[in-house]
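Single-structure report; data block below.
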Amino acid sequence: MTLKTGGVMKRLILLGWMLAACSSSWAQNAAGGFPGRPIRIVIGYAAGGPTDIVGRLYASKLSEYYGVPVIVDNRAGAAGIIGTELVAKAPPDGYTLALGVISTHALHSAHGRKLPYDPVNDFAPVALAVNVPMIIMVNPSVLPVSNVKELIAELRANPGKHKFGSSGLGGISHLCFELFKMRGGIGDFIHVPYKGTGPAINDLLGGNISAVCEGVGGAAGHVRSGPLRGIASATLKRAQALPDLPTVNESGLAGFEAYTWNMFFAPAKTPREIVEKLNRDINRAAKDPALRPRLDALGVEVVDDSTPQSLKDFVPKEIARWTSVVKASGLKVE
0 MTLKTGGVMK
10 RLILLGWMLA
20 ACSSSWAQNA
30 AGGFPGRPIR
40 IVIGYAAGGP
50 TDIVGRLYAS
60 KLSEYYGVPV
70 IVDNRAGAAG
80 IIGTELVAKA
90 PPDGYTLALG
100 VISTHALHSA
110 HGRKLPYDPV
120 NDFAPVALAV
130 NVPMIIMVNP
140 SVLPVSNVKE
150 LIAELRANPG
160 KHKFGSSGLG
170 GISHLCFELF
180 KMRGGIGDFI
190 HVPYKGTGPA
200 INDLLGGNIS
210 AVCEGVGGAA
220 GHVRSGPLRG
230 IASATLKRAQ
240 ALPDLPTVNE
250 SGLAGFEAYT
260 WNMFFAPAKT
270 PREIVEKLNR
280 DINRAAKDPA
290 LRPRLDALGV
300 EVVDDSTPQS
310 LKDFVPKEIA
320 RWTSVVKASG
330 LKVE
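Here the sequence shown is numbered in numbering that gives the first Met the number 0, starting from 0 and rising by one per residue.
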């Protein structure tokens, strides 16, 4: 009886080894033959916007590397939710990717919105493409301050006098100032939401509002040439596009940070070898001397060394960080 049982155990162990070897071989073959057809990068926003531009730059270089079309598929609607859901439910084979942003993968959850996808469990992080510093700007004819200390003093001294604009209710340009109000002990600083960055900056130029906190791509030109005034970058380190502009962090509110980002995601359960191949080639593209200057010209901060492992906790931490800001501010977004 013992010999018979031992024989069964040996056969089971051998079978386990064979299955493991087959699984490893299949995964290697899957990555080795990838990609064998066009890849689609889904962006949940309209063509021509900042995320779309970043996506198309990476797509062109990946297409060159792979010898197959890498297509940007704009699926605008519901603040990025429609396109993001499409990727969450796509086959996990590496041929459908999302270029996600802070709203699609963190802020919607921070506001408690019911989503048709789980931003953590329905996706495999592939590579962080770029970070986008947020820049606090004022119209000095309406809000005559030159630095963070003066801005806080003016807002404390005149509650309800000044208004700040954002590119949308509950977005990062809004939450940037909600965090600033909390950290600066500021009371009534009136929020005016707009449908996009352009209208907010136009009203700032016209003196209808006093300040905005917007992405460096749309802010840098105004800061350099006027008539708007840059107060600070809302990042821990100075923005590469505006190296002479101090940060909020170095101006008295230690640890203050508000930025957005673009990250490539694959559907959950995409084979690890395919995710790692995509990661290597996205990082390669970020370092490519033919592409890097074009990305740098956007004002974004290119990331060329992220790994799927290093990004494992990135989205959960972003959700937790901004959930705490939303709750502390009492903000309600339907």
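Cβ atoms here follow ideal geometry from the backbone N, Cα and C, with glycine treated the same way.
(request) Would you check if the stretch 66–77 and the stretch 35–42 touch, i.e. whether three or more CB-CB distances between them fall below 8 angstroms? (result) yes
(request) Can you say whether P34 is buried or exposed, counting buried as having 16 or more other CB atoms within 10 angstroms of its CB? (result) buried
(request) Run through the stretch 200–259 for me and flag every whole alpha helix (DSSP H) of 4 or more residues, listed as ranges in chain order. (result) As for any alpha helix (DSSP H) of minimum length 4 sitting wholly inside the stretch 200–259, the runs are 215–224, ordered along the chain.
(request) Give me the Cβ distance between G32 and I134, rounded to the nearest whole Å; I'm assuming they're in contact under 8 angstroms. (result) 45 angstroms between Cβ atoms; not a contact.
(request) Return yes when the Cβ of N278 is within less than 8 angstroms of the Cβ of D304, no when it is not. (result) no
(message) Just verifying my parser: in three-state terms, what is the DSSP assignment at V324?
(response) helix
(request) To the nearest angstrom, report how far apart A289 and N157 are at their CA atoms. (result) 50 angstroms
(request) May I ask you to report which of helix, strand or coil DSSP gives K268? (result) coil
(request) Grab the span of the alpha helix (DSSP H) containing A58 for me, first residue to last. (result) 49–65 is the extent of the alpha helix (DSSP H) around A58.
(message) Which residue wins for smallest C-alpha separation from Y94, given the options P49, P307, I273, A233?
(response) I273
(message) Taking the alpha carbon of P118 as the reference point, which residue from S102, G47, G186, P307 has its own alpha carbon closest?
(response) When each option's Cα is compared against that of P118, the closest is S102.
(request) For K286, verify whether its CB is less than 7 angstroms away from any heavy atom of the ligand HEM. (result) With respect to small molecules bound, the structure shown includes none, and the ligand HEM cannot be examined in it.
(message) For F339, report the span of its alpha helix (DSSP H) as first-last.
(response) Residue numbering for the chain in the displayed model covers 0 to 333; residue 339 lies beyond these limits and cannot be assessed.
(message) So the candidates are V211, S209, L241, L235; which of them puts its Cα closest to the Cα of S224?
(response) L241
(message) Between L61 and A284, how many whole angstroms is the CB-CB distance? I'm expecting something under 8 angstroms.
(response) 6 angstroms
(request) Give the DSSP-derived three-state secondary structure of T95 in the structure shown. (result) strand
(request) Measure the alpha-carbon distance for V324 versus K180 and round it to whole angstroms. (result) 11 angstroms
(message) Contact between the stretch 248–255 and the stretch 166–174 is defined here as three or more beta-carbon pairs at a separation below 8 angstroms; is this criterion met?
(response) no
(request) Indicate whether V302 and N130 have their beta-carbon atoms separated by less than 8 angstroms. (result) yes
(message) Can you give me the C-alpha to C-alpha distance between E333 and T306, rounded to a whole angstrom?
(response) 35 angstroms
(request) For F163, write down the residues that DSSP places opposite it in a beta bridge. (result) Beta bridge pairing from DSSP links F163 with H190, A210.
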